[in-house]
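Encoded as C-alpha cells, the structure appears first; notes follow it.
2 protein chains.
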Amino acid sequence: MRPKIVIIGGGFAGLNVAKGLKHTAADIVLIDRTNHHLFQPLLYQVATATLSPRDIAAPLRSILRKQGNVKIEMAEVTAIHKDEKKLSMSDGSEMSYDYLVIAVGSRHSYFGHPEWESVAPGLKTLQDAVRIREKVLSSLERAERATDKVIQRRLLTYVIVGAGPTGVEMAGAISEIVKKSIQDEFRTFGTDETRVLLVEGGPRVLLPYPESLSTVARNDLQEMGVEVRLNSTVTDIKSDGIQIGDEWIPTETVIWAAGNMASPMLGSLETPLDRMGRVEVNPDLTVPGYPDIMVIGDCAAAPDGNGKFLPGIGPVAMQAGHYTASALRQRLKGQVPSSFRYFDKGTMATIGHLRAVAYVFGLKFTGLIAWVLWSIIHVLYLIGFRNKLTVIMEWMWSMTTTKRSVRLIANSKQ
Amino acid sequence: MRPKIVIIGGGFAGLNVAKGLKHTAADIVLIDRTNHHLFQPLLYQVATATLSPRDIAAPLRSILRKQGNVKIEMAEVTAIHKDEKKLSMSDGSEMSYDYLVIAVGSRHSYFGHPEWESVAPGLKTLQDAVRIREKVLSSLERAERATDKVIQRRLLTYVIVGAGPTGVEMAGAISEIVKKSIQDEFRTFGTDETRVLLVEGGPRVLLPYPESLSTVARNDLQEMGVEVRLNSTVTDIKSDGIQIGDEWIPTETVIWAAGNMASPMLGSLETPLDRMGRVEVNPDLTVPGYPDIMVIGDCAAAPDGNGKFLPGIGPVAMQAGHYTASALRQRLKGQVPSSFRYFDKGTMATIGHLRAVAYVFGLKFTGLIAWVLWSIIHVLYLIGFRNKLTVIMEWMWSMTTTKRSVRLIANSKQ
C-alpha cells in the first residue's frame, strides 16, 4: 500500500514539500484553510493598494494540477492526535496519516492583549491585506467629510507598531499614499496634514540587520515624512488612539507588525513549544519521539546549529520545504536523512519609491541598487509566469507615476 | 454666488454629469456610497474569476482629480427633502443644493420575496461580484471533500434565475468554469458531474433581442452544457435548493438575475414612481414641478417618445448624463433645454468563449464576429488607459487558455 503523507499548510514550506514529492509513490493530501498559495513578502503591497490580491496569490489546484499524487482539501485542522496518527477538522471530520508535515505558519501576537487585534489589524492573509487597505482608504474619505479639524487630524494619523521588515515596508508605503499618491484629490485637507508614525520598542529599525543599514532605513523613512519613535512601548490601543509611553496619540488607524505567534492548535501535539508557541524540533525537523511528524516554516523552532533557533522568514520555510520532501523520500526508502542546514543568502526590505536596504552574502546595499536587487529577487520567486508579468507592469506603472492602482473600497454598505 | 450642484451616484449617469460640467462656474458635489466608478457591464467577469475588481473599477477621485470644481463625498443619502432643497445622510448630516441630479441606479428585486436575497445573491456591486465568486469557488472545494454523493451533486449544481443579458452571461461563464477551467484539478469528481441551469419565466432568452438571436444564444448555451428552462417560474429558494414549478432542484448556489428595482430612498421624493420604483420624469428628465431636480439612469422612468419608458441600460445612462450636464449649463444661463433623446446604437451580450450575439443598428451578428464587436466596444468604453490594457491582457490570456486567473477565496476563516 502507498503511504499517506498529509501536509498541513500551502505556504512556502508546505507547497515545496508537495512539489518535491512529485515523483514519489505516495498519496499526498495538502490541507489549507484557503484555496491559494500566497506570496507573503509582497502582501504589504496589496495592503497599500499597489498590487491586487490575484497578483500575489495562485490557486493551489492550478499549481498542482498536473501532480496526480496530490489531493487538495480546503479545511481547517483543529487538533493533531499524534499517537493515533490522525487529525481532527473544524467540520468534525477526521483524517489519518502515515507521515505528517505541519507547516501552518504563524499569526500575530499582541503580547497578552488580544483585545488590540480588533483595532490594530496585522498582516498575514489576503483578507488582512484587504482589510488594512479599506481602513486606510476609508479614513481618507471620512477625513474629507469631517467638519471638526480635531477629528480630521485623528483620521489622518497613521501608526504602525513594530519596525521589523513588515513595519518598515508598511510605514514607507502608507507614507507614499497619504503624502504623494492622493495629492490634489481631496478638497478639505492637504497632504502636509497627514501624519505617519512608526513605533518600535527596540533601539533601532530593522533590528536583525547591520546597524549601518538600520540607520540608512531610518533616515530614508524620515525623509519620506515618517516619524520614527524608537525605544517606545505601546501600553494601550483603542479605536480612537494609541498610548505610547506617556503620550496619547489620537488615531483611528493602527497597524500591528510587532510580534508573531504560532497557531494554538500546535498545543495538541503535547511536545515542548518555544515562547512564540513554535514546536521545538530535532535537527532533522521531526518532533522528538515522533519521526513520522515534521514541523517546518514559521511554526517550527528549528535549531540553527549555534544554540539558537532559525528565524521565521520565507527563505527558511522554502529551504525547509525542499529538505522535508527529500527527507521523506529517503525515509520511504528506509534511509536516515541528515540534519537540515539553512543556507543564509541574506535579507532585504523596501522602504519606498526606489529605496531599499539589502544585506546579501555579507554585502550591504542601499537606495536604488538595493531596490533593483529586491525587485529582481521577488519577481523571480513569484509563482507562475503570468503573475510575474502583471507585477512587473504594476511596478513600472507605480514607478513612473507614484499613483496607486488598486484604491478600492469594496466593503461599503448597500 | 456660484450655484451648488449635487449629484448622487458616480455610475455611468452621474459621472458623465460631473465630467460634462468641467468648465462650468458651479460648486459640484458628487456623492457615492463607494469610492469608485464601476464598469458594470463587465461585473459578471469579476464574479466568474476572469477579471479582478480593480480591472473594472477606478477611484472617482483619480478620475476627477484635475476637475477643481468637484468635491467628492463618500456617503449615503437616506432622504431627499425637495421643498427645503436638502438631503439627509445616513450619518445624520445634511446637505443643501441648488440643483440636484439623482443617479442612484438600481438594486435587485425579488418579486416580493426579500428573504431570497440571502441565498440567491444578485450582481450589482464589486462586493456582490466577489461574494458570488467565493460562493462558486467554495462549492467546488466543498464538493471535493464531500463523502456523500448526493451532497456532492447538490454542491455541483448551479442555478441562474433570469435569462436577460446578465443571466445569459453568468450562465455561460459559470459553465466555462465548472466544465472547462477546473479540468483535472479535482480528484473526487469530474467536470461531467457539474450542472448549470438557466431558468427564465418568459418564452425565450434575451427577450429584448430579435427572436433569431435569442435562438442562437439558447443553442450556444446548450452546446456549452447549460440546461435552459424557459416558461419556468421560481416559487421558492432555500439554502439547499430551488423550487421551479413542480420540480425541486437541490443546489447551494443560486444566482439572481431576474429583476431590478430602484432605491426605496426615492420614495422620499413623493412623486409618482413606476412599478420598478423608478421616478417618472418629464421629457427633460426633471421631476414634475421641480425643475431643479433631475433623475437619470436606471432609477429614472424616462419617456421614450412612444408611450413607453427607456430601458435601464448603460447607454441610456451615459447619454442621459451627457444631456443633463448640457441641460444644467443651459439652465444656469437662463435658457430652456430641449427634451432628452436617446440614440439607440444597439445591444449585445457574450455567451462564452468567443461567442456572443449583437444587434447593432438593426443588424444581427453572432459567434466570433459578435464577440469581437462586443470586446472592442467594451474595451473602448472602459475608463482609463491602464485598465484597458490589463483587460485586453486578461482576455488574451483567457482566450488562449480557458483558464481563470482570479480564482481566489479570500474570505476564509483565520
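Protein chains in written order, with numbering that gives the first Met the number 0: chain A, 0 to 413; chain B, 0 to 413.
A virtual CB, placed ideally from N, CA and C, is assigned to each residue, including glycine.
Notebook entry, point to check: So with Cβ pairs under 9 Å, would you call Phe185(A) a contact of chain B?
Noted result: yes
| query | Counting pairs of Cβ atoms below 8 Å between the region 278-285 of chain A and the region 333-349 of chain A, do you hit three or more? | reply | Contact between the region 278-285 of chain A and the region 333-349 of chain A is established, with three or more Cβ pairs separated by less than 8 Å.
Notebook entry, point to check: Given Lys123(B), which residues of its chain have a CB within under 8 Å of its CB, disregarding the five upstream and five downstream residues?
Noted result: Gln39, Leu42, Gly104, Ser105, Arg106 and His107
- [ ] Could you tell me whether the Cβ atoms of Val278(B) and Leu265(B) are closer together than 9 Å?
- [x] Pairing Val278(B) with Leu265(B) gives a Cβ-Cβ distance under 9 Å.
*Beta-carbon of Asn34(A) versus every beta-carbon of chain B: anything under 9 Å?*
yes
* **Min CB distance Lys65(A) to chain B below 9 Å** => yes
Worksheet entry | Any C-beta of chain B under 9 Å from that of Met73(A) | yes
Contact residues within the region 41-52 of chain A, judged by C-beta distance below 8 Å to chain B: Ser51 and Pro52
Cα separation between Gln151(B) and Leu139(A)? Going by the C-alpha atoms only, they are around 46 Å apart.
*Whole runs of the beta strand (DSSP E) within the region 333-366 of chain B, excluding any shorter than 3 residues*: 345-351, 354-359 and 362-365
**Prompt:** Would Ser61(A) count as contacting chain B if we go by Cβ distances under 9 Å?
**Reply:** yes
| query | Checking contacts by CB at 9 Å: is Val405(B) closer than that to chain A? | reply | It does; some Cβ of chain A falls within 9 Å.
ask   = Between the region 356-373 of chain A and the region 174-192 of chain A, are three or more C-beta pairs nearer than 8 Å?
value = no
**Message:** Does the CB of Ala56(A) have a neighbour CB from chain B at under 9 Å?
**Reply:** Yes, contact with chain B.
Worksheet item: Using a beta-carbon distance below 9 Å, is Ala367(B) in contact with chain A?
Response: For clarity, residue 367(B) is Leu in the given sequence; the question names Ala instead. No - not a single Cβ of chain A is within 9 Å of the one on Leu367(B).
Excluding sequence positions up to five away, which residues of its chain have a Cβ less than 7 Å from the Cβ of Gly121(A)?
His107, Asp127, Trp255 and Ala256
Closer than 9 Å between beta carbons: that is the criterion. Which residues of the region 211-232 of chain A meet it against chain B? none
- Query: Residues in the region 127-151 of chain A with C-beta within 7 Å of chain B's C-beta atoms, listed in sequence order?
  - Reply: Val129, Leu136, Glu140, Glu143 and Arg144
- Query: What separation, rounded to the nearest whole angstrom, lies between the Cα atoms of Ser61(A) and Val45(B)?
  - Reply: 18 Å
Which same chain residues end up closer than 6 Å to Gly161(B) when comparing Cβ atoms and leaving out the 5 residues on each side of it in sequence?
Hits under 6 Å: Ala256 and Ala257.
Quiz prompt | Secondary structure of Glu192(B), DSSP reduced to three states | solution = helix
Alpha carbon of Ala24(B) to alpha carbon of Leu331(B), nearest angstrom: 9 Å
Span of the beta strand (DSSP E), counted from its first residue to its last, around Asp291(A): Tyr289 to Val294
Among Ile27(B), Tyr98(B), His80(B) and Met94(B), which has the Cα closest to the Cα of Gly67(B)? Closest in C-alpha terms to Gly67(B), from the list Ile27(B), Tyr98(B), His80(B) and Met94(B), comes Ile27(B).
Check your understanding: If contact means a Cβ-Cβ distance below 7 Å, which residues of the region 169-193 of chain B contact chain A?
Key -> Cβ contacts with chain A: Asp183, Glu184 and Arg186.
**OP:** Have a look at Lys412(B) and Gly345(A) and give me their C-alpha separation to the nearest angstrom.
**Re:** The pLDDT assigned to Lys412(B) is 37, lower than 50, so where the model puts this residue is not dependable; a value taken from the coordinates is nonetheless given after this. Those two C-alpha atoms are separated by around 33 Å.
message = Tell me the rounded alpha-carbon separation between Gly91(B) and Glu75(B).
response = 10 Å
Does Glu93(A) pass the burial test, meaning 16 or more other C-beta atoms within 10 Å, or should it be called exposed?
The residue in question, Glu93(A), is exposed, as its Cβ has fewer than 16 Cβ neighbours within 10 Å.
| message | Is the separation between the beta-carbon of Phe188(B) and that of Glu143(B) shorter than 9 Å? | response | yes
Here's the rule: buried if 16 or more other CB atoms are within 10 angstroms of the residue's CB, otherwise exposed. What is Ser238(A)? exposed
Kindly identify the DSSP beta-bridge partner or partners of Trp247(B). The bridge partners DSSP lists for Trp247(B) are Gln242(B).
### Task
Pick out the complete alpha helix (DSSP H) segments inside the region 190-232 of chain B, 4 residues or longer, and give them in chain order.
210-222
Quiz item: Interface residues of chain A around Lys70(B) at Cβ under 7 Å?
Solution: Arg186
Check your understanding: Beta-carbon separation of Ile350(B) and Val359(B) under 9 Å?
Key -> Cβ atoms of Ile350(B) and Val359(B): not closer than 9 Å.
| Which residue from Ile30(A), Ala324(A), Ile79(A) and Asp97(A) puts its Cα closest to that of Lys70(A)? | Ile30(A)
Look up Ile62(B) in the DSSP assignment and say whether it is helix, strand or coil.
helix
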